[in-house]
Amino acid sequence: MAAKAPVAYPRALRGSFRGEWWLDGASASAATTLTRDGWRRGTCALTLRTTFDADARVHGVVADATFRESEYIGKGDAHVPLEGVYAETTGGLYAHGAAKTTKDMLSARNASDRGTWREMSAYRASVRAVANDILEGMVGGSETAEGRNPALGARDSYRRDSGVARAGKSARAMFVGAHDAGVYPMVCQFKLHAYVTPGSYSLADTTQKRDATAFDDVDVLEAQVEDMRPLEFADMAEKTSLVGKFVSENCGLTVHVALESQKLEHWYRQARLYSYAMIAAALAQGYVLGQQIEVGSTQAAMMRMSLASIGMRSVVDSYLCLAHLTGGILVDDLFMPLALVALCYFVLFSILEMRLLIAAWRARTPDITNWIELRVNLGAMYSRFYAGFISGLFAMYWLSDRFIIFLLLANSYWVPQIVHNAYHNHRQALKPWYVVTTSFMRLSAPLYVLGCPSNFLKIRPNYFHCAVMVAWTTAQTAMLLAQYYINPRYGFPIGIFPEVYDYHRKVSEEVLAQCGVVDEDEDDEARERDVEMGDVAAGPDCVICMNPVKFRAVHDRMVTPCNHFFHTKCLMRWMDIKQECPTCRGALPPM
1 MAAKAPVAYP RALRGSFRGE WWLDGASASA ATTLTRDGWR RGTCALTLRT
51 TFDADARVHG VVADATFRES EYIGKGDAHV PLEGVYAETT GGLYAHGAAK
101 TTKDMLSARN ASDRGTWREM SAYRASVRAV ANDILEGMVG GSETAEGRNP
151 ALGARDSYRR DSGVARAGKS ARAMFVGAHD AGVYPMVCQF KLHAYVTPGS
201 YSLADTTQKR DATAFDDVDV LEAQVEDMRP LEFADMAEKT SLVGKFVSEN
251 CGLTVHVALE SQKLEHWYRQ ARLYSYAMIA AALAQGYVLG QQIEVGSTQA
301 AMMRMSLASI GMRSVVDSYL CLAHLTGGIL VDDLFMPLAL VALCYFVLFS
351 ILEMRLLIAA WRARTPDITN WIELRVNLGA MYSRFYAGFI SGLFAMYWLS
401 DRFIIFLLLA NSYWVPQIVH NAYHNHRQAL KPWYVVTTSF MRLSAPLYVL
451 GCPSNFLKIR PNYFHCAVMV AWTTAQTAML LAQYYINPRY GFPIGIFPEV
501 YDYHRKVSEE VLAQCGVVDE DEDDEARERD VEMGDVAAGP DCVICMNPVK
551 FRAVHDRMVT PCNHFFHTKC LMRWMDIKQE CPTCRGALPP M
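For the record, in the sequence shown the residue sitting at position 214 is 214 according to the UniProt record's numbering, with numbers rising by one throughout.
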């Protein structure tokens, strides 16, 4: 079969187009009607979904046009939903749609901001009611015997409520004073006239499937089933250029566009690479967390961990799990990689971190042996966790305009641990490698979104916010490392925390005499002979390693409240396991 000759226009117009838009000179004064900040040119994104009508030889098109200042998503973007047709014989795209004007939305917002919540709701309800009256008038359109449109009577009979009165001027009065009857004031009606640049396009066999077959009864049924399927969305087979203009007569706007088709595979590739990086970050966090649980599973180590800090880390990871799962549901082609990321974070927060949280809680309540009491207390802990999870969602919503504040709060999970170490004068149980790894691995997602100029979410990078987040996380990590290597209260003013027991305290001569310590004036040679003969007069023995303790070297030995001497390293390793004296089994204060 001979190959089909190429045609001048593509058989179908679909997929994603991107390019430039600009206002013509006559529309420059109305720029603020289209975009909030009055942009006169920028980047335009057009997405097209099509269905094919074999009888009419046209394609039904449902499109969405977005006008931005640049390639990044912003709050001032304008969206215009469109419906129309594409004629493959001429390469013409004809569509119509409507977009809300920013001027009226801002005036309504400013008016409603002065009222209470109830009054703002009433104001919005009033505006909707008036709009419905106007739209009904446009549908009816017939004149009564008195020569009036019945919609005007309904509009005049509308009773103002307290919400509209609070706004200062009713929605009806604003409408009547500025617009003619039958026109909805908050919408710009757009007409799109666009044409494909002629070229050499191949014929798509899929678009000719229905018109190349005789329509018997079975074919008609198949055609009906085909019409019930969702609108097709796919990339253009060849590079396609599109030029045209959006015209809004009621708003006085003419927007010119010059677009080119885009391959979504490039966007999918970016998203997949991001998913693989996040999977690696989640696996790294899971590995170091498993090692931390293994080396710090003793009761003494668990008591030195902050429950609030563990809970905050669990909540942050649950948000990452939920965000990636939602993204995978919204985009079918990315469901598998994003769902794998969500699965990794689900295992991280629901299994590993919740296991650590329960172990730390159980170490604080060793006396609970009754099963009913244990269930009650465990349920209370889970309730606090989910309360923090829901509170974080509300905070995310309230701080949506200042999202950096929410990110800083979410990345403050080491603050409770720092305060816990300083207050109880604990040498923290978290290993340095765990602290460093988990701190900076959790910055992967926000740094990618806020710092990568080519991120697949098309969010404008903000390097200042990235620097603030890195600095805040580094400060917390450095503080934890200082508490681990130097002192638990390093960097805190003296006197703000309660006094703690000093294991390196000076010991009176009476205590030393009770321990059988020889006189300080005795020479070292005699002491060595005593050690060789096994004489206890050489000094008290450390019952952990069974070697003598140099009790005069204050920093090399420790003395408990019960006046038992140990080497510093021996007692520190012992207290990592048990908080009791190795000699008399008495309770020991935190170190």
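Ideal Cβ positions, reconstructed from N, Cα and C, are used throughout, including at glycine. Here the structure is a predicted model, which is why all the values come from computation and not from measurement.
Problem - 8 Å Cβ shell around Met-338 - same chain, five flanking residues per side excluded - result: Note on residue identity: the sequence assigns Leu, not Met, to residue 338. Excluding sequence neighbours, Leu-338 sits near Ala-271, Ser-275, His-324, Leu-325, Gly-327, Gly-328, Val-331.
Handout entry: C-alpha gap between Pro-198 and His-59, whole angstroms
Key = 18 Å
Practice task
Taking 8 Å as the threshold, find out whether the segment 7-25 comes into contact with the segment 246-255 through three or more Cβ pairs.
Solution key: yes
Handout entry: Cα-Cα separation between Gly-19 and Thr-51, rounded to whole angstroms
Key = 24 Å
Practice task
Please list, in chain order, all residues of the same chain as His-426 whose beta carbon is under 6 Å from its beta carbon, the five residues on each side excluded.
Solution key: Arg-304, Pro-488, Pro-590
Handout entry: Those runs of the alpha helix (DSSP H) which lie wholly inside the segment 331-413 and span at least 4 residues
Key = 335-347, 354-364, 371-398, 403-410
Exercise for the section: Could you tell me if Ala-151 is buried or exposed, where buried requires 16 or more neighbouring beta carbons within 10 angstroms of its beta carbon? Expected result: A caution first: Ala-151 carries a pLDDT of 38, below 50, which makes its placement in the model too unreliable to give a value.
Practice task
Leaving aside the five residues before and after Ser-241 along the sequence, list all residues of the same chain whose C-beta is less than 6 Å from its C-beta, in chain order.
Solution key: Thr-197, Glu-260
Problem - Residues bridged to Cys-188 [DSSP beta-bridge criterion] - result: Ala-99
Practice task
Quick one: measure Cβ to Cβ for Tyr-94 and Leu-13, integer angstroms, because I've assumed they're closer than 8 Å.
Solution key: The pair is not a contact, with the Cβ atoms about 11 Å apart (cut-off 8 Å).
Handout entry: Range covered by the beta strand (DSSP E) that runs through Glu-20
Key = 15-23
Problem - Backbone secondary structure at Gln-428 - three-state DSSP - result: coil
Practice task
Identify, in the order they occur along the chain, each residue of the same chain with its Cβ nearer than 7 Å to the Cβ of Ser-248, setting aside the five sequence neighbours on each side.
Solution key: Cys-188, Gln-189, Phe-190
Handout entry: Which of helix, strand or coil DSSP assigns to Glu-69
Key = coil
Practice task
Check the DSSP bridge columns for Ala-87 and list the partner residues they point to.
Solution key: Val-58, Gly-92
Practice task
Out of Thr-298, Ser-314, Arg-442, Asn-421, point me to the one whose CA is closest to Val-500's CA.
Solution key: Asn-421
Exercise for the section: May I ask which residues mark the beginning and end of the beta strand (DSSP E) holding His-256? Expected result: 253-262
Problem - Cβ pair Met-441, Ala-281 closer than 8 Å - result: yes
Practice task
Would you kindly check if the distance between the Cβ of Ile-310 and the Cβ of Leu-348 is under 8 Å?
Solution key: no
Exercise for the section: Would you check if there are 3 or more beta carbon pairs closer than 8 Å linking the segment 467-475 to the segment 495-510? Expected result: no
Handout entry: Where the alpha helix (DSSP H) containing Arg-573 begins and where it ends
Key = 568-575
Handout entry: 6 Å CB neighbourhood of Cys-542 in its chain, flanking five on each side removed
Key = Val-549, Phe-566, His-567, Cys-570
Exercise for the section: Just the C-alpha distance for Thr-438 and Ile-418, rounded to the nearest angstrom, thanks. Expected result: 15 Å
Problem - 8 Å Cβ cutoff met for Cys-452 and Pro-446 - result: no
Exercise for the section: Would you mind reading off the limits of the alpha helix (DSSP H) that contains Gly-451? Expected result: 444-451
Problem - Beta-carbon spacing of Cys-545, Cys-562 below 8 Å - result: no
Handout entry: Alpha-carbon spacing of Tyr-490 relative to Gly-379, whole angstroms
Key = 36 Å
Exercise for the section: Measure the CB-CB distance between His-465 and Ile-404 and report whether it falls below 8 Å. Expected result: yes
Problem - Gly-97 and Tyr-195 closer than 8 Å at C-beta - result: no
Problem - Separation of Ala-277 from Leu-588, as counted between CA atoms - result: 46 Å
Practice task
Please find out if some non-hydrogen atom of the ligand GTP comes closer than 7 Å to the beta-carbon of Lys-100.
Solution key: For the structure depicted, the ligand GTP is absent and the ligand set is empty, with no information on it obtainable.
Handout entry: Between the CA atoms of Gly-495 and Arg-68 - distance to the nearest angstrom
Key = 56 Å
Practice task
Quick one: grab the DSSP three-state call for Tyr-503.
Solution key: coil
Exercise for the section: Inspect the beta-carbon positions of Leu-46 and Ala-30 and report whether they are closer than 8 Å. Expected result: no
Problem - For Val-543, three-class secondary structure by DSSP - result: coil
Practice task
Could you pull out every residue in the same chain whose Cβ sits closer than 6 Å to the Cβ of Glu-294, ignoring the five residues on either side in sequence?
Solution key: none
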